[in-house]
Amino acid sequence: MGVGISKVLPNLYVGGEEIIVMESYSFFAENNVTHVLSLCDSSVPDCLPLTKLHLNVVDSPDYDIAVHFPEVVDFIHSARTKNEGIFVHCKAGVSRSATVIIAYIMSALNLSTKASFEHVKRCRSKISPNDGFLRQLILFGREYSEELHKYLKEKYEYKDLLIMDKKYVKALERKCASNGTVSNDTKVPRRTEVSVGMSSKNED
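Positions 21 to 224 (our numbering) are the ones given, in order, by the sequence shown.
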């Protein structure tokens, strides 16, 4: 099972459903998270003031996850270009959410499948997209990611964000090369008075 929450890029976090099960919603306010992308059967409650996209993706090699790439990439990018945080999760933060995050990095930063996978692996060591998802990522890199990158450049003005992201990737790569494996995993906090208050406040 995925451990806690991992920062992949500025304002981009990936994890499992622990944050929902444990009702640790204070994480969102503390990290400027305004958007949540859910890729399994669980999602954050409607009472929370968040922009949500919920896709019940099946973690199976036969599932066509690539069909969702344009929608989820645009959803993630729309948050980040407004300097708002987004949390992407599936059940364990290992296969489905990792696949989507890799596809996003390929598209937004115009990086190869290999480079994108390696960056996410540095940030969250436990990622392991299933074989079918990996094949779809490879095909996406060969035929579609560059086209989606051009679309993002036309729709959003994000030159500064692109520069910042590439610096972030390079810095982490250098850090790992000098210090060994580095993980951006963060433990999910227990349910707190802040998170309870946030939930209760929005039930009124």
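Heads up, the beta-carbon is just placed ideally off N, CA and C, and yes, glycines get one too.
Everything numeric in this text was worked out from a predicted model, so none of it was measured.
_Distance, Phe48 Cα to Ile39 Cα_ = Across the structure, Ile39 and Phe48 are spaced so that their CA atoms are roughly 10 Å apart.
*Let me know if Ile125 comes out buried or exposed under the rule of 16 or more other beta-carbons within 10 Å of its beta-carbon.*
Here Ile125 is buried: its Cβ has 16 or more other Cβ atoms, across all protein chains shown, within 10 Å.
*Determine the burial state of Leu4: buried for a count of at least 16 other Cβ atoms within 10 Å of its Cβ, exposed for fewer.*
Outside the displayed range of the chain (21 to 224) lies residue 4, so it cannot be described from this structure.
_According to DSSP, is Val114 part of a helix, a strand, or is it coil?_
Note: Val114 maps to coil in three-state DSSP.
*Considering only residues of the same chain and omitting the five flanking positions on each side of Val53, which have a CB-CB separation below 6 Å?*
Here the set comprises Gly105, Phe107.
*asked:* Please list the terminal residues of the continuous alpha helix (DSSP H) segment that includes His88.
replied: Counting along the chain, His88 falls outside any alpha helix (DSSP H), and DSSP gives it neither H nor E.
*Rounded to a whole number of angstroms, what is the C-alpha to C-alpha distance between Asn103 and Leu29?*
Rounded to the nearest angstrom, the two C-alpha atoms are 12 Å apart.
_Does the structure place the region 65-75 close enough to the region 176-185 that three or more beta carbon pairs sit under 8 Å?_
The answer is no - the region 65-75 does not touch the region 176-185, with fewer than three Cβ pairs under 8 Å.
_In whole angstroms, give me the CA-to-CA distance for Tyr176 and Thr101._
The straight-line gap from Cα to Cα measures roughly 7 Å.
*Can you tell which of Val77, Asp82, Pro81, Ser98 has its C-alpha closest to the C-alpha of His88?*
Checked all of Val77, Asp82, Pro81, Ser98; the closest Cα to His88 is Val77.
_CA-to-CA distance, His139 to Cys196, given in whole angstroms_ = Their backbone Cα atoms lie some 10 Å apart in a straight line.
*How should Glu167 be labelled, buried or exposed, when 16 other C-beta atoms within 10 angstroms of its C-beta is the threshold for buried?*
Exposed, since its Cβ has fewer than 16 Cβ neighbours within 10 Å.
*Pick out whichever of Leu57, Ala112, Leu73 has its Cα sitting closest to the Cα of Gly227.*
Missing from the structure shown is residue 227; the chain here goes from 21 to 224 and no further.
*Who are the Cβ neighbours of Thr71 in its own chain at under 8 Å, not counting the five residues just before and after it?*
Around Thr71: Thr54, His55, Val56, Ala99.
_Between Arg116, Ala135, Lys141, which has its C-alpha nearest Lys186's C-alpha?_
Distance check between Lys186 and each of Arg116, Ala135, Lys141 places Ala135 closest, using alpha-carbon atoms only.
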